[in-house]
Every structure is written in structure tokens, then in C-alpha cells.
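Q: Below is a structure I'd like to ask you about.
In this note's numbering, the protein residues as written are 5 to 582.
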């Protein structure tokens with residue numbers, strides 16, 4: 005799969021769609037920069053005409069006209085700021101859903117850059133709506149201001165031009181001195197954020213086993229290493245900004261001094277001298293503003309490049325056509341799967357077939373690949389070889405929004421979402437039908453348990469289900485898997501957190517699913533659940549050692565005769581986890 009061209013990435017297309025807005029801001033900037041000359045022209049007229057003629061009417065009209073121009077300037081300045089902020093918000097609103105979906109796909113692929121994409125999008129939006137972005141629109145007017153100073157007098161124009169070139173040289177030096185350090189600092193910040201998130205996910209383990217001092221020391225060392233390039237970039241940026249301000253003040257002095265000398269030589273009027281100083285200050289202001297906001301500019305540029313590269317990656321699966329609802333016929337056609345970057349496959353040529361309504365129990369020692377096989381069956385992983393088909397259609401290529409309605413999945417580690425119990429069982433759907441939620445809960449055997457919660461189905465469960473016990477999370481996760489009447493239900497160690505009553509409710513749920521001719525695939529070694537299975541698959545080192553009717557496989561496992569010549573241990577002694 006080849007990457008999509010950067011020009012076709014969603015954020016590039018969104019920026020192109022905003023060209024009319026950027027054009028409007030450019031037009032506003034032109035008028036704003038013309039109106040910026042109001043004070044300079046007003047001072048020239050006051051000093052050179054009003055004071056010489058002592059005409060109060062002229063002073064009044066000039067004041068009224070200048071005041072009107074400044075009001076228009078203020079309105080247009082407000083308008084261009086609002087337009088840029090609206091454009092930035094529109095770009096974020098258009099790209100964010102795509103970025104969120106790509107971040108979920110990156111998690112499935114095991115890529116390190118995931119939710120950081122949304123933070124980078126926020127950085128881009130913040131810069132687009134900032135004064136630093138408006139300063140870039142003002143930069144093209146710097147030569148025009150310098151030309152006006154030349155028109156007042158070549159000497160003053162030469163001073164202003166030399167100052168502008170020096171400031172430009174400082175900006176280039178600023179880029180050379182800070183770009184690499186800022187890039188390193190940005191990368192270190194992302195790494196530190198990922199590391200902190202990983203530590204936070206294991207808060208209970210850290211607290212229970214007293215690991216906080218050791219992890220704090222590790223975090224502190226990593227933080228200090230990440231802080232070094234940030235401090236280096238900040239020091240260099242501060243030095244460049246201080247030099248920029250010093251140079252600008254010296255240029256103001258030089259222009260004022262040259263203007264005073266020209267006035268004494270009767271080559272320039274006093275009003276023109278003061279106006280030239282004001283115009284030069286206005287000409288150099290965007291340059292100083294860009295240098296002052298250089299860190300934000302570089303960070304936004306780096307974030308944009310990361311986003312463009314990330315969004316240019318091919319999608320996890322191509323867009324598919326809607327398919328009819330499946331009946332539940334599952335076929336696994338000699339699939340193999342190897343982790344990215346590894347040669348040895350985790351799953352090796354597994355083949356099986358289930359008719360609609362049949363159930364399969366997968367057993368095998370720890371590390372056999374049971375969980376990986378289930379993820380291949382539900383289509384979150386793409387087989388390296390072979391296909392998994394549901395009613396003849398490739399599960400991996402099936403549109404997720406379509407197949408999701410017909411598939412239920414309960415992973416080993418049940419993850420619930422922040423919200424109510426009802427929302428979680430309804431798979432976070434908007435305006436779910438309560439009757440469907442109650443039906444799923446009854447089928448999972450947790451309806452009565454939910455009613456005993458403080459607010460019943462409206463109980464807020466907290467982030468990740470923090471307000472619930474492990475068994476409660478397991479049963480609500482099971483109800484979520486059964487919501488909507490799926491035709492294929494895949495359960496990975498569904499009884500890992502259940503007590504005796506919970507296991508009995510789970511066995512009843514599987515029995516009801518079989519009555520409804522729902523295809524069930526589960527990983528478990530509990531006899532109560534295995535007795536619900538029509539077929540057994542024994543998985544060892546990623547390969548299918550045995551597959552067939554439950555009674556036949558159990559008989560072969562218990563007997564001494566098999567291909568390797570070694571007696572198999574009882575099923576209960578085979579490892580419980582993949």
C-alpha cells in the first residue's frame with residue numbers, strides 16, 4: 005500500500021478550501037496597512053500646515069477624518085482576526101473527525117503517533133488564529149513602507165532599509181539556531197507524553213507495590229533529558245528577540261537623529277521627520293512580531309508536516325460496499341499472521357468452519373495465539389495469508405459501520421467508556437432504544453445487577469468503568485457485545501472476572517445465543533462454558549493441533565494416542581491465556 009500524495013491529504017485539501025478566506029484576510033490586511041499611515045499623515049499635516057497657518061478649521065477636519073480612518077482600521081482589524089479564527093476552527097472541524105478515525109487505526113496498527121495528531125491539529129489551529137499569522141500577512145507591506153520613507157528622503161530610506169535587512173538576517177539566524185533544538189524538543193515532548201500516559205494506566209500497580217519512587221526517578225531523568233533542548237531553544241530565542249528589540253530601538257534613534265539633522269539642513273520638514281520615524285516603526289513591527297513568535301511558528305510548521313504525513317498514510321482498509329446482513333457462517337481459510345517487522349508468524353495456517361448457530365471453544369497454553377486468532381476473526385487484524393469470511397465476505401474488508409451491527413466482541417481486558425451504563429451497552433449510539441438495551445442486559449444476565457446500581461441504567465460509570473467492580477464491567481461488556489442482535493459473537497476469556505453466579509449467567513447467555521442460531525467463538529477452559537461449544541480448537545504455538553466436534557477432541561486429548569506420541573494433559577491444565 006502506497007501513501008496518498010501529500011497534496012491529497014485532508015488537511016491540505018482543507019487549507020485549499022480556505023483560500024477565499026485567506027484572500028479576504030489579505031484584502032483586509034491591505035486596507036489595514038494603508039490606514040496604518042493615518043497617524044503619520046496626520047502628524048505631517050499638523051506640523052507642516054496647521055501650525056504654520058494656525059487654521060483651527062483645518063485641524064478640526066483633519067482630526068475628524070483621521071478619527072474616522074482609525075475607526076475603520078479598528079473594524080477591519082477585528083474582521084480579519086475573526087475571519088482567521090473562523091477559518092482555523094472550520095479547518096479543525098473538518099479534519100478532526102478524519103484525524104480521530106486515523107488515530108484509532110494507528111492504534112490498531114501499533115503506530116506510535118496516534119492521538120498526538122489531534123494535539124498537532126490544535127497547534128495548527130492556535131497558530132492560524134494568532135497575531136503571529138496576521139503578522140505574516142503584514143510582511144509584504146514592509147517594502148512599501150520602506151519605499152515611502154525613501155520618498156521622504158533617501159538618507160532616511162537607506163537607514164530603514166539597512167535596519168530591515170539586519171532584522172531579516174536576525175530572523176534567518178534565529179531559524180538556523182533554534183530549528184533543530186525546537187524539533188528535538190517537540191519530539192521529546194511527544195515521547196514524554198506517551199511515557200506518562202503509559203505509567204498512568206498502571207496507577208493501581210504503582211500504588212499497591214510502592215513503585216512510585218522508582219518510576220518518579222525514571223520520569224525525572226527522562227524529563228530533564230527532554231528539557232535540555234527546550235531550554236537551549238528558549239535561550240537562543242530570547243537572545244534573538246532581545247537583539248531584535250535593541251536593533252529596532254537603535255534604528256528609531258538613528259531615524260530621529262537623521263531627521264533632526266535634515267531639518268536643521270532645511271532638507272526636510274519637522275512633520276516629515278516625525279512621520280518617517282512612525283512609518284519605519286510600522287514597517288519593522290511585523291518583522292519583530294514574527295521573530296518574537298518564531299517558536300510558535302516553527303512548532304505549527306512541524307505539527308503541520310507531521311499531520312500531512314500521518315493523514316497521507318493509506319487507510320487501514322479500503323472503502324467497501326454495503327453488504328446484506330449475515331446469517332453467521334464463519335470460514336477461516338488457512339490464515340497466518342506475523343507481527344509487523346517480524347518473520348516468525350504468530351498464527352500459522354489455521355483453518356476452520358462454523359455453520360450459522362454453531363459455537364466454538366478455543367483452548368491452548370499461554371502464548372498459543374488465542375487472542376490474536378480472535379482479533380483476526382473479528383477483522384481488527386488483517387491476515388498475512390489467507391482470509392476470514394463471514395457468509396463468504398472478507399471480514400477485514402467489510403465496512404466497520406456495517407459489520408459492527410452484526411458482530412459482538414468481548415475482549416480479555418474489558419474497556420468501558422465514560423458515560424452511563426445505558427450508553428455503554430448501546431455502544432455509545434445517539435438516542436438508543438432503551439428496550440434494545442434492556443434486552444441485551446437480560447440476555448447477558450446483568451439486568452437485575454444494573455437495577456441495583458445507584459441510578460440504574462443512568463449510573464455514570466466513570467472513566468474506563470472506574471466506579472464498577474471487575475465482574476460488573478465484565479457483564480456490562482458482555483451486554484454491549486450482545487446489543488443489537490449480532491449474528492457472530494466472539495468472547496475472549498469472558499469469565500475471567502466473574503464469580504459463580506456470573507459464570508452461570510454467562511453459560512445461560514451462550515445457551516440462549518445457540519437457541520437463536522447465533523455463531524459463537526470463545527476462549528475458555530471452564531467446563532461449564534466448554535460444554536456449550538459444538539466444536540473445539542486446540543491451539544499450540546499458533547497452529548491448530550486439533551479441531552472438530554467437542555466430544556471427539558476431548559477424547560483425543562484424554563487418550564494416549566496422537567501424532568507426537570505423548571500423552572496430553574487434561575483440558576483444565578492447559579494454559580488459560582494467549
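No residue lacks a Cβ here, since even glycine has one placed at the ideal position from N, Cα and C.
All figures in this text were calculated on a predicted structure; none of them were measured in a lab.
Would you decide whether residue 298 is buried or exposed? Buried here means 16 or more other CB atoms lie within 10 Å of its CB.
A: buried
Q: Helix, strand or coil, according to DSSP, for residue 195 in the structure here?
A: helix
Q: In this structure, does DSSP put residue 119 in helix, strand or coil?
A: coil
Q: Let me know the alpha helix (DSSP H) ranges lying completely inside the stretch 219-246, each 4 residues or longer, listed in chain order.
A: List check, alpha helix (DSSP H) in window: nothing returned.
Q: Assign residue 494 to one of three DSSP states: helix, strand, or coil.
A: strand
Q: Tell me whether residue 408 sits in a helix, a strand or coil according to DSSP, three-state version.
A: helix
Q: Looking at C-alpha atoms only, which residue of 466, 387, 423 and 364 is the closest neighbour of residue 492?
A: 364
Q: Can you tell which of 412, 245, 408 and 452 has the C-alpha that lies nearest to the C-alpha of residue 425?
A: 452
Q: Check whether the Cβ atoms of residue 546 and residue 382 lie closer than 8 Å to each other.
A: No. Outside cutoff.
Q: Roughly how many angstroms separate the alpha carbons of residue 53 and residue 69, rounded to a whole number?
A: 16 Å
Q: Considering only C-alpha positions, which residue in the set 335, 377 and 349 is nearest to residue 357?
A: When C-alpha distances from residue 357 are compared across 335, 377 and 349, the shortest belongs to 335.
Q: CB-CB under 8 Å to residue 159, same chain, minus the five flanking residues each way: which ones, in chain order?
A: So the qualifying residues of the chain are 262 and 266.
Q: Note the first and the last residue of the continuous beta strand (DSSP E) segment covering residue 331.
A: Run containing residue 331: none; DSSP gives neither H nor E here.
Q: Inspect the beta-carbon positions of residue 47 and residue 279 and report whether they are closer than 8 Å.
A: When the beta-carbon positions are compared, residue 47 and residue 279 come within less than 8 Å of each other.
Q: Based on DSSP bridge pairs, tell me the residues matched to residue 341.
A: 351
Q: Is the CB-CB distance between residue 414 and residue 481 below 8 Å?
A: yes
Q: Please go through the same chain and pick out, in chain order, the residues whose beta-carbon is closer than 6 Å to the beta-carbon of residue 549, but skip the five residues on each side of it.
A: 542
Q: Is the stretch 313-329 touching the stretch 163-183, taking contact as three or more C-beta pairs under 8 Å?
A: Touching, no.
Q: If I follow the unbroken alpha helix (DSSP H) through residue 453, where does it start and stop?
A: 451-455
Q: Quick one: what does DSSP say residue 576 is sitting in, helix, strand or coil?
A: The pLDDT assigned to residue 576 is 42, lower than 50, so where the model puts this residue is not dependable; a value taken from the coordinates is nonetheless given after this. Three-state DSSP puts residue 576 in a helix.
Q: Within 10 angstroms of its Cβ, does residue 108 collect 16 or more other Cβ (buried), or is it exposed?
A: exposed
Q: Quick check: the stretch 126-146 against the stretch 90-100, are there 3 or more CB pairs under 8 Å?
A: Enough Cβ pairs lie closer than 8 Å, so yes.
Q: What number of angstroms, rounded off, separates the C-alpha of residue 282 from the C-alpha of residue 55?
A: A straight-line Cα-Cα distance of about 19 Å links residue 282 and residue 55.
Q: Please classify residue 529 as buried or exposed, where buried requires at least 16 neighbouring CB atoms within 10 angstroms.
A: buried
Q: May I ask you to report which of helix, strand or coil DSSP gives residue 163?
A: helix
Q: Could you pull out every unbroken alpha helix (DSSP H) segment of at least 4 residues lying fully inside the stretch 492-542, listed in chain order?
A: 504-519 and 531-534
Q: Candidates 220, 442, 291 and 347: which alpha carbon is nearest residue 251's?
A: 291
Q: Verify whether the separation of the beta carbon atoms of residue 374 and residue 176 is less than 8 Å.
A: No, the pair does not count as a contact, with Cβ atoms beyond the cut-off.
Q: Mind checking who residue 551 pairs with in its DSSP beta bridge?
A: In the DSSP output, where bridge partners are listed per residue, residue 551 has 541.
Q: How many angstroms separate the CA atom of residue 78 from the CA atom of residue 40?
A: 10 Å
Q: Of the residues 412, 449 and 446, which one's Cα is nearest the Cα of residue 431?
A: 412
Q: So what's residue 363 in DSSP terms, helix, strand or just coil?
A: Strand at residue 363.
Q: Out of 51, 360, 83 and 471, state which residue places its alpha-carbon closest to the alpha-carbon of residue 457.
A: 471
Q: Could you spell out where the beta strand (DSSP E) holding residue 392 opens and where it closes?
A: 389-394
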